[in-house]
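See below for the structure under consideration.
2 protein chains.
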Amino acid sequence: MKAEIITIGDEILIGQIVDTNSAWIADRFNASGIEIYQITSVHDEHNHIVEALNNAAKNVDLVVITGGLGPTKDDITKNTLCEYFNTSLVFHEATYEHIKKRFVARGIDMNKLNRDQALVPKECTVLFNKTGTAPGMWFEKEGTIFVSMPGVPFEMKYLIDNEVLPRLLKNGKTKVIYHKTVLTQGLPESMLAQKIESWETALPEFIKLAYLPSPISVRLRLSATGNSSEELKVAVDAEIEKLKQIIGDNIFGYNNETLAEIIGRSLVKSGNKLAVAESCTGGYLSHLITSVAGSSAFYNGSVTAYSNPIKESVLGVDSSVLEKYGAVSEQVAIAMATGVKRLLKTEYSVATTGIAGPGGGTDEKPVGTVWIAIAGKESIKAKKFVFGDNRERNIIRSSQTALQMLRQLILDEE
Amino acid sequence: MKAEIITIGDEILIGQIVDTNSAWIADRFNASGIEIYQITSVHDEHNHIVEALNNAAKNVDLVVITGGLGPTKDDITKNTLCEYFNTSLVFHEATYEHIKKRFVARGIDMNKLNRDQALVPKECTVLFNKTGTAPGMWFEKEGTIFVSMPGVPFEMKYLIDNEVLPRLLKNGKTKVIYHKTVLTQGLPESMLAQKIESWETALPEFIKLAYLPSPISVRLRLSATGNSSEELKVAVDAEIEKLKQIIGDNIFGYNNETLAEIIGRSLVKSGNKLAVAESCTGGYLSHLITSVAGSSAFYNGSVTAYSNPIKESVLGVDSSVLEKYGAVSEQVAIAMATGVKRLLKTEYSVATTGIAGPGGGTDEKPVGTVWIAIAGKESIKAKKFVFGDNRERNIIRSSQTALQMLRQLILDEE
Chain B
26 MKAEIITIGD
36 EILIGQIVDT
46 NSAWIADRFN
56 ASGIEIYQIT
66 SVHDEHNHIV
76 EALNNAAKNV
86 DLVVITGGLG
96 PTKDDITKNT
106 LCEYFNTSLV
116 FHEATYEHIK
126 KRFVARGIDM
136 NKLNRDQALV
146 PKECTVLFNK
156 TGTAPGMWFE
166 KEGTIFVSMP
176 GVPFEMKYLI
186 DNEVLPRLLK
196 NGKTKVIYHK
206 TVLTQGLPES
216 MLAQKIESWE
226 TALPEFIKLA
236 YLPSPISVRL
246 RLSATGNSSE
256 ELKVAVDAEI
266 EKLKQIIGDN
276 IFGYNNETLA
286 EIIGRSLVKS
296 GNKLAVAESC
306 TGGYLSHLIT
316 SVAGSSAFYN
326 GSVTAYSNPI
336 KESVLGVDSS
346 VLEKYGAVSE
356 QVAIAMATGV
366 KRLLKTEYSV
376 ATTGIAGPGG
386 GTDEKPVGTV
396 WIAIAGKESI
406 KAKKFVFGDN
416 RERNIIRSSQ
426 TALQMLRQLI
436 LDEE
Chain C
26 MKAEIITIGD
36 EILIGQIVDT
46 NSAWIADRFN
56 ASGIEIYQIT
66 SVHDEHNHIV
76 EALNNAAKNV
86 DLVVITGGLG
96 PTKDDITKNT
106 LCEYFNTSLV
116 FHEATYEHIK
126 KRFVARGIDM
136 NKLNRDQALV
146 PKECTVLFNK
156 TGTAPGMWFE
166 KEGTIFVSMP
176 GVPFEMKYLI
186 DNEVLPRLLK
196 NGKTKVIYHK
206 TVLTQGLPES
216 MLAQKIESWE
226 TALPEFIKLA
236 YLPSPISVRL
246 RLSATGNSSE
256 ELKVAVDAEI
266 EKLKQIIGDN
276 IFGYNNETLA
286 EIIGRSLVKS
296 GNKLAVAESC
306 TGGYLSHLIT
316 SVAGSSAFYN
326 GSVTAYSNPI
336 KESVLGVDSS
346 VLEKYGAVSE
356 QVAIAMATGV
366 KRLLKTEYSV
376 ATTGIAGPGG
386 GTDEKPVGTV
396 WIAIAGKESI
406 KAKKFVFGDN
416 RERNIIRSSQ
426 TALQMLRQLI
436 LDEE
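Sequences listed follow chains B and C, in order.
No gaps in the numbering here: position 252 of the first sequence is 277 in the working numbering, and each next residue is one more.
No gaps in the numbering here: position 398 of the second sequence is 423 in the working numbering, and each next residue is one more.
Below is the structure:
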């Protein structure tokens, strides 16, 4: 089944709000085997809404409309749909009772605008909206289903989960889709593509591949469509097994896992603890780790040493080392990792020191130069990177790279 | 001028990412006097892209296309545009040199896919993309302008601000616009609106006001349209002077300044230094401070103490205090602030301790309970907050609130 989402509302088109509804619906529908063909955002404007409905009806079996159902003048979706489906508004007793109950519960008097919320198009199935005053509406016209819902996120979500999806499933309208995303690191998109080209070409017709690059990793999403989610899962997993033969070392996880979560899981399993010493990453590396719920089970904490005296006094970096090699050096990175491991009494540690920019670069050590050290139970090592000239991205890439090195060290040692 | 935004990419239509680009572009364009007529998201699919382009060309003067310009097989925007504009790909020397330079700087070899990024449609104006390997492309056809850009947010933003908007202005397609945003704190939106009502009503016709609320502040954006940016600046500044008479105490900055930048400026001026002790914010507060370029001039660093033993051994929090009051308490917050100030030898410090969630809450101290302490040269104080049940938002709100308290303390003491 193919669907289009139409969001109605000026606030989206002037950039006042980000349309998060569409991604939520798309994710929900995809998981139910409904393909989203297009997402269209239009103004609260009669002709424009009609044009969008006509365009959608040409391409899809299901049109999901959100927004424009409020009680005020600028909300014109209901009247526009009435005209589009050539019907008229009638009073809907159950909706009226529901609205009245809500107002009584809040001790507020209803006015005409509130009562008008109980008027619905004669030719629609009313979808009961427990969470608000505007009901959902379900229309069918020439084989296409149209569903209209309020744009308020929690009302829309209630209607999708409790009214729309159950109805579609009952009518046998949904196909099964199975997704799995492979998280890779260490190969830029183009090199990765070259390496897995023959695997990609040999994928069966019903499995599609998408590359989703980010500054530090490339995600490969496999999407399979068919009749049985069990069969699709088996087929996708089999392809991933083949992929592992080619780039196994670069795969670090699946789906929405983060590196910090994966690291946390191994540390909890082995009962080891982690500490962090940061200079150029300034707290961001610690933030990535503590973004994991329950991270206190494997994380003791961090020191951000943003000046040389602090590197000396708190982390115990030797002043002669700082003087001889400079703060951005292999020696200082290693001394920071060693120092924080001792200070916070852990088995593992990571340290970053570098020039995030925009100032502070030299010919020898340009902006973007970063040393990352990792210490484990048996070994300690450091590596130099030269990232770009953007402060924010240097902080992010340094932090993610540090996690990547840490993950490798844990794999090697455990 | 009317525009449509077309975003191309399967990841949007399966709900894997939220389309934040469109809201950013809509806001930027709207501020420049360009109306967004529609936002359309389509798949990486040839016929579908062509259909969207045809539909858009019927309604608008400018079509802004993002996405689908990566080097891999699933990115087909460039070839599709080539066909749509009836042209062919040619080698673009300047783009090639730019790509080569980026690869050389990183010590990576270029492959064919990378080199192919330098192929551009013959009939387009190439928009130089300093921030990435895929250039922007500007086409004109039957009076409509089409601009294609990568979907990576920072690359798209760079091209809009440095290539697209300046060209539209030069061609007389937009008016001169001058914006200034006033950052306020301490008044909820509705109270603020009431307080400045008569000022707002008296604004001249060519200056528009927008309220932009966020969880911790309300921004007031003044947008003036006219012919001379010098004149607009003078007029807007005069209105802001009047506004200062009414809510001067609530204004903490302008435009895109962050709280951390404003704090940093006062500290640099007074020659004082700052330290941070974090528990529930886990490094994020330190990250906000070190996101400021040049923050090492006023920031010595931080300790993330993610366990009680570390609060004791590193920050010197008394074990009896921890036992008696618990880690999330006024006493521990104050001891952390005092301890980190001493350890990192600063005049100011901030400490956070709380329950970010989802676990760890009790009846007495539910998830979202946070104590924040600030210490200055003369005083130290702590305050309790109860935020929500979302871990990520609790971390952000605690960190921003800590900076807000710090700013007030610095104002009081200096």
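The C-beta atom is built at its ideal place from N, Cα and C for all residues, glycine as well.
{"Query": "Is the shortest distance between the beta-carbon of residue 181/B and the beta-carbons of chain C less than 8 Å?", "Result": "no"}
{"Query": "Whose Cβ in chain C lies nearer than 8 Å to the Cβ of residue 215/B?", "Result": "96, 97, 136, 138 and 139"}
{"Query": "Mapping the DSSP letters down to three states, classify residue 15/C as helix, strand or coil.", "Result": "The structure shown does not extend to residue 15/C, since chain C is modelled only from 26 to 439, so the question has no answer here."}
{"Query": "Taking contact to mean at least 3 C-beta pairs separated by less than 8 Å, is the segment 373-390 of chain B in contact with the segment 416-430 of chain B?", "Result": "yes"}
{"Query": "Out of curiosity, what's the CA-to-CA distance linking residue 70/C and residue 228/B?", "Result": "19 Å"}
{"Query": "Just by C-beta distance, which residues in the segment 57-81 of chain B are closer than 9 Å to chain C?", "Result": "60, 61, 62, 63, 64, 65, 66, 67, 68, 73, 76, 77 and 80"}
{"Query": "Report the option in 390/B, 210/B and 377/B whose CA atom is closest to the CA atom of residue 300/B.", "Result": "377/B"}
{"Query": "Quick one, are the C-beta atoms of residue 340/C and residue 368/C less than 8 Å apart?", "Result": "yes"}
{"Query": "Find the residues of chain B that neighbour residue 218/C, judging by a C-beta separation of less than 9 Å, and give them in chain order.", "Result": "Going along chain B, no residue has its Cβ under 9 Å from residue 218/C, so there is no contact; the nearest lies around 16 Å."}
{"Query": "Please report whether the beta-carbon of residue 123/B lies at a distance below 8 Å from any beta-carbon of chain C.", "Result": "no"}
{"Query": "Starting from residue 411/C, follow its DSSP beta bridges and name the residues at the other end.", "Result": "394/C"}
{"Query": "So, for residue 136/B: in the same chain, excluding its five sequence neighbours on each side, which residues have a beta-carbon less than 6 Å away from its beta-carbon?", "Result": "none"}
{"Query": "Mind checking if residue 297/B is an interface residue toward chain C, Cβ cutoff 8 Å exclusive?", "Result": "no"}
{"Query": "Please list the residues of the segment 322-342 of chain C that have a C-beta atom closer than 7 Å to any C-beta atom in chain B, keeping them in chain order.", "Result": "324, 325, 326, 327, 328, 329, 330, 331, 332, 335 and 339"}
{"Query": "Nearest to residue 336/C by CA position, among 89/C, 302/C, 211/C and 234/C, is which residue?", "Result": "302/C"}
{"Query": "Under the three-state reduction of DSSP, which class applies to residue 254/C: helix, strand or coil?", "Result": "helix"}
{"Query": "Does residue 210/B pass the burial test, meaning 16 or more other C-beta atoms within 10 Å, or should it be called exposed?", "Result": "buried"}
{"Query": "Between which residues of its own chain and residue 88/C is the CB-CB distance below 6 Å, once the five residues before and five after are set aside?", "Result": "29, 81 and 171"}
{"Query": "Roughly how many whole angstroms lie between the Cα atoms of residue 149/B and residue 174/B?", "Result": "13 Å"}
{"Query": "Am I right that residue 351/C and residue 329/C are in contact with their C-beta atoms under 8 Å? What's the rounded C-beta distance?", "Result": "Actually they are not in contact, since the Cβ atoms of residue 351/C and residue 329/C sit about 19 Å apart, beyond 8 Å."}
{"Query": "Can you give me the Cβ contacts of residue 288/C inside the same chain, cut-off strictly under 7 Å, excluding the 5 residues immediately before and after it?", "Result": "428, 431, 432 and 435"}
{"Query": "Please say whether residue 374/B and residue 407/B have beta carbons closer to each other than 8 Å?", "Result": "no"}
{"Query": "Roughly how many whole angstroms lie between the Cα atoms of residue 183/B and residue 324/C?", "Result": "47 Å"}
{"Query": "Would you call the segment 185-200 of chain C and the segment 208-222 of chain C touching, i.e. three or more CB-CB distances under 8 Å?", "Result": "no"}
{"Query": "Considering only the alpha carbon of each residue, which of 67/B, 32/B and 84/B lies closest to residue 26/B?", "Result": "84/B"}
{"Query": "Expressed to the nearest angstrom, what Euclidean distance is found between the alpha-carbon atoms of residue 77/C and residue 167/B?", "Result": "24 Å"}
{"Query": "Spatial neighbours of residue 316/C within its chain, please: C-beta separation below 8 Å, excluding the five flanking residues on both sides.", "Result": "283 and 285"}
{"Query": "Using a Cβ distance threshold of 8 Å, determine whether the segment 115-135 of chain C contacts the segment 90-104 of chain C, with at least three qualifying pairs required.", "Result": "no"}
{"Query": "Quick check: is the beta carbon of residue 432/C nearer than 8 Å to any beta carbon in chain B?", "Result": "no"}
{"Query": "Quick check on residue 249/B - is its C-beta less than 8 Å from some C-beta in chain C?", "Result": "no"}
{"Query": "Short of 8 Å in beta carbon distance, which residues of its chain neighbour residue 53/C, apart from the five on each side in sequence? Order them along the chain.", "Result": "185, 186 and 190"}
{"Query": "Is it buried or exposed, residue 372/B, if we count other Cβ atoms within 10 angstroms and call 16 or more buried?", "Result": "buried"}
{"Query": "Which one of 246/B, 40/B, 46/B and 134/B has the shortest CA to CA distance from residue 63/C?", "Result": "40/B"}
{"Query": "Against chain B, does residue 253/C count as a neighbour if the rule is that its beta carbon must be under 8 Å from one of theirs?", "Result": "no"}
{"Query": "For residue 404/B, which of 298/B, 362/B and 391/B has the nearest alpha-carbon?", "Result": "362/B"}
{"Query": "Could you name the residues of chain B that residue 40/C contacts, counting a contact when the two beta carbons are closer than 9 Å?", "Result": "47, 48, 49, 50, 51, 52, 53, 54, 55, 56 and 61"}
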